[in-house]
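Reviewing the structure listed below.
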Amino acid sequence: MKVTIERAALLRALGHVHRVVERRTTIPILANVLIDASAGTLMLKATDLDLEITEKVSADIGQPSATTLPAHTLYDIVRKLPEGAQVSIEGSGEQGQLTLRSGRSRFNLQSLPESDFPDVTSGEFSHSFSLPPADLKKLILKTQFAISSEETRYYLNGIFLHVAEVEGHQLLRAVATDGHRLARVELPAPAGSAGMPGVILPRKAVNEILRLVEDAEGAVAIELSTNKMRFSFGETVLTTKLIDGTFPDYGRVIPANNDKRLTVERGVFREAVDRVSTISSERGRAVKLALSEGRLVLSVTNPDQGSAVEEIEADYDGPPIDIGFNSRYLLDIADQLDSDTALFRLADPGSPTLIQDRDGASALYVLMPMRV
Amino acid sequence: MASQRKIIHVDMDAFYASVEQRDNPQLRGRPVAVGSPRARGVVAAASYEARAFGVRSAMPSVTAMRRCPDLVFAPPRFDVYREVSRRIRAIFLDYTPLVEPLSLDEAYLDVTDNRKRIASATRIAEEIRARIREETRLTASAGVSYNKFLAKLASDQNKPNGLFVIPPDKGADFVAALPIGKFHGVGPATTKKMNALGIETGLDLRAKTLPFLQMHFGKAGGYYYGIARGVDDREVRPDRIRKSIGAEVTFAQDLFALDEAVAALAPIVTRVAAHCEGARITGRTVTVKVKYADFQQITRRSTSVAPIASRAALEAAARALLHPLFPSPKGVRLLGVTLSSLAPAGEAVDSQLSLGV
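Residue numbers (full-length UniProt numbering), protein chains in the order written: chain A, 1 to 372; chain B, 1 to 357.
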């Protein structure tokens, strides 16, 4: 192998792929990145057996061949090289060693054979469509906070993507829930998505997609089948296995008849929740919302530390009601809303509350109260 | 040398099982296991009648029933055990504030300067045993010596319902005569290794130099060197606040397959869960420790938002952490499970309701 490439191009590509590699893997080949040099292109590939990212960059290929090198070490080396440097990688005389040269630096790196590198993502896709980067980002960013980390309910450890028909419109929906709260975002279904199977996109893929979508320029091509999904961001391609499970029938927990409407200024509300929750050092302490006509009183009581109260203006004309919520959950949702005004639809202190942007129907959040 | 300490180790006899036999006359004289007879159940405690058949705590219930077909299972009643434990602790505190509970049924007491100004630690141990018998109708064994290591060894000597004293001038001799496997902190795996090095008894251990022991056993070498000479400077610490609850097992033979590891995990999880339940503690962070045949050690942990309150939840979390480590390229010689981010159970002020998805 002999490859020459600009440091910036190599760093960018490694930056995209190396995160996939688990820092603490017990299988040596999985600590490596595959490097495949052929006809003017260098292809990099990393996998953890569930998720794979490949990226192609142009390079000066002196002698085509493929090998694998320790991913994090290679990334760290390239990162530390000076800006504007040229990097060359070539097979050295010794068995299994590669030499990386740049300026006056020289590194001899132990490689593992390319043939040991697993291929876990081959196979056909049944559906394909494309989304503008902003739409993909919205679907994922606004739901990912609600993904469950409880490993016993593995089918909640990701975002459920499916197409639903509502009043004759086809919608592409992203849903995540951890059993306490639920986030649902929808968009008009893109061409090609009709009839796609509902799939659960695992958390790690979600995190990487969010990173890659930031750098994406054109539309993102998406392909999927029942057990895997591929996102192509130009020359960077992410392929992931999907969570093999059944996402629960989430529609049942979205309340349809909550009649008490509360509207607050989102920023004011968020800051007030943040302030009063200072008094509870533990996570997950409840903030009590006491609603009465035209006003909302937020309070937190911590037997060990004291209490905090703050009143904010609110548009509410229902009967007085006290309801408690996990302060962290309220902040998470307030952070995802877009409009200046947040709309709460409540039923009673023991039933799910619906939270939305005042006018936007595309994102919806359901939050279960805490008993206070 | 600092003035000689007087340490008592009190250990209830077959605690959970004895409580069940006390409260249910039909169980008396019969082999009893506290735990569940279900297929995947594990014995939490065994009565002496059951132990005669080879039934041991942390043994899978299926194995226990094979060894003792007449075994009677009693479901655990941790509330009762806790209450008894509280009463025993109150007795200890009559004698000294320096009480370090190890679990519900075991504690170290430092009675060097005791509240009753009784000079003889042996007399105190006898009084405590008599009061436990009188107030709880249960028996305890006690060991008396000048450090924790020997006191614990001593309490095991005349079990059940016995007392044993190791006076300062007998400590080293007592240790010398003991088979190595009887030492606290020396499990089956270490025993095997020591035997291979020609160490069968405390005397053999004493013959080894400190560098030799450190070379073969690392940090533990220093501890072994001390105890071989009857030396143990650890203090009785009444203020010990537990940050974590854990258990681990070193296997006689290395494990390679996931199902072997999952099976090996069950008794470890049971021990941790029983301790948590006993102490009324829950935690949110589960750590699984794996030591490979080449002594490389790795840990994997996960933290959940909600407290892990049941044995099943603990096992599920531990398994999920173990899963990605298999198939394992190397043999696994040790597995451990630890629960941390502890909080008192059942005292959450606020309770999050569930959506019911």
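Positions of the beta carbon are idealized from the N, C-alpha and C atoms, including for glycine.
**Report entry** Residues near A:A176 by beta carbon distance below 6 Å, same chain, minus five either side
**Finding:** T143, A146, I147, I159, A183
Report task. Return helix, strand or coil for B:H216, following the three-state DSSP convention. Result -> helix
**Report entry** Inter-residue CB distance, A:V244 and A:N227 (contact presumed, cutoff 8 Å)
**Finding:** In the sequence as presented, Val is not what sits at residue 244 of chain A; that position holds Asp. Rounded, the Cβ-Cβ distance is 7 Å, consistent with contact.
**Report entry** Span of the alpha helix (DSSP H), counted from its first residue to its last, around B:M194
**Finding:** 188 to 196
Query raised in the report: Quick check: the stretch 332 to 340 of chain B against the stretch 283 to 294 of chain B, are there 3 or more CB pairs under 8 Å?
Result: yes
Query - Reference A:V276, options A:S327, A:G84, A:I89, closest by Cα - result: A:S327
Query raised in the report: When the distance is taken between beta carbons, is B:V42 closer than 8 Å to B:A17?
Result: no
Query raised in the report: Is there contact between the stretch 160 to 168 of chain A and the stretch 194 to 202 of chain A, where contact requires at least three CB pairs shorter than 8 Å?
Result: yes
Query raised in the report: Buried or exposed: A:E186, going by 16 or more other Cβ atoms within 10 Å of its Cβ?
Result: buried
Requested in this report: Using a cut-off of 9 Å between C-beta atoms, extract the partners of B:A320 located in chain A.
Outcome: E151, T152, Y154
Query raised in the report: Residues of chain B with a CB under 9 Å from the CB of A:G245: which are they?
Result: Chain B residues near A:G245: none, gap ~13 Å exceeds 9 Å.
Query raised in the report: Interface residues of chain B around A:I27 at Cβ under 8 Å?
Result: P329
Query raised in the report: Is it a yes or a no for the stretch 82 to 96 of chain B touching the stretch 49 to 61 of chain B, going by three-plus beta-carbon pairs under 8 Å?
Result: no
Requested in this report: For the stretch 272 to 279 of chain B and the stretch 310 to 321 of chain B, state whether three or more C-beta atom pairs, one from each stretch, are separated by less than 8 Å.
Outcome: yes
Query raised in the report: Considering B:M65, what are the terminal residues of the alpha helix (DSSP H) in which it resides?
Result: 61 to 67
Query raised in the report: Would a check of beta-carbon distances place B:G356 closer than 8 Å to chain A?
Result: yes
**Report entry** Contacts around A:R181, its chain only, beta-carbon distance under 8 Å, and the 5 residues preceding and following it disregarded
**Finding:** A146, Y329, D332, I333, Y365, V366, L367, M368
Query raised in the report: Are three or more beta carbon pairs between the stretch 45 to 58 of chain A and the stretch 107 to 127 of chain A nearer than 8 Å?
Result: yes
Query raised in the report: Does the beta-carbon of B:I298 have 16 or more other beta-carbons within 10 angstroms, so that it is buried, or is it exposed?
Result: exposed
Requested in this report: Could you say if the stretch 106 to 118 of chain B and the stretch 196 to 213 of chain B meet the contact criterion of at least three C-beta pairs nearer than 8 Å?
Outcome: no
Report task. Note down, in chain order, every chain B residue with its Cβ under 9 Å from the Cβ of A:H162. Result -> None at all; the shortest Cβ gap to chain B is about 15 Å.
Query raised in the report: For A:S193, which of A:S92, A:I61, A:F125 has the nearest alpha-carbon?
Result: A:F125
Query raised in the report: Checking contacts by CB at 8 Å: is A:Y238 closer than that to chain B?
Result: The question names Tyr, but residue 238 of chain A in the sequence shown is Leu. So, not an interface residue.
Query raised in the report: For B:Q157, which residues does DSSP report across the bridge?
Result: None; B:Q157 has no bridge partner.
Query - Cβ neighbours of A:V264 in the same chain (closer than 6 Å, five flanking residues each side left out) - result: A314, A342
Report task. List the residues that DSSP assigns as beta-bridge partners of B:D113. Result -> In DSSP, B:D113 forms no bridge with anything.
Query raised in the report: Looking at chain A, which residues of the stretch 286 to 303 of chain B have a Cβ within less than 7 Å of any of its Cβ atoms?
Result: I298, S302
Query raised in the report: Which two residues bound the contiguous alpha helix (DSSP H) that contains B:R123?
Result: 121 to 136
Query raised in the report: Do the stretch 167 to 179 of chain B and the stretch 213 to 230 of chain B make contact, defined as three or more Cβ pairs closer than 8 Å?
Result: yes
Query raised in the report: Would you call A:Q178 buried or exposed, if buried means 16 or more other Cβ atoms sit within 10 Å of its Cβ?
Result: Checking the displayed sequence, the identity of residue 178 of chain A turns out to be Asp instead of Gln. It counts as buried.
Query raised in the report: According to DSSP, what are the bridge partners of B:A247?
Result: B:V337
Query raised in the report: Would you call B:K6 buried or exposed, if buried means 16 or more other Cβ atoms sit within 10 Å of its Cβ?
Result: buried
Query raised in the report: Nearest to A:L296 by CA position, among A:Q305, A:V309, A:A286, A:T246, is which residue?
Result: A:V309
**Report entry** Element boundaries [alpha helix (DSSP H), containing A:G15]
**Finding:** 7 to 17
Query - Beta-ladder partner(s) of A:Q97, from DSSP - result: A:Q110
Query raised in the report: For B:F73, which beta-bridge partners are listed by DSSP?
Result: B:A33
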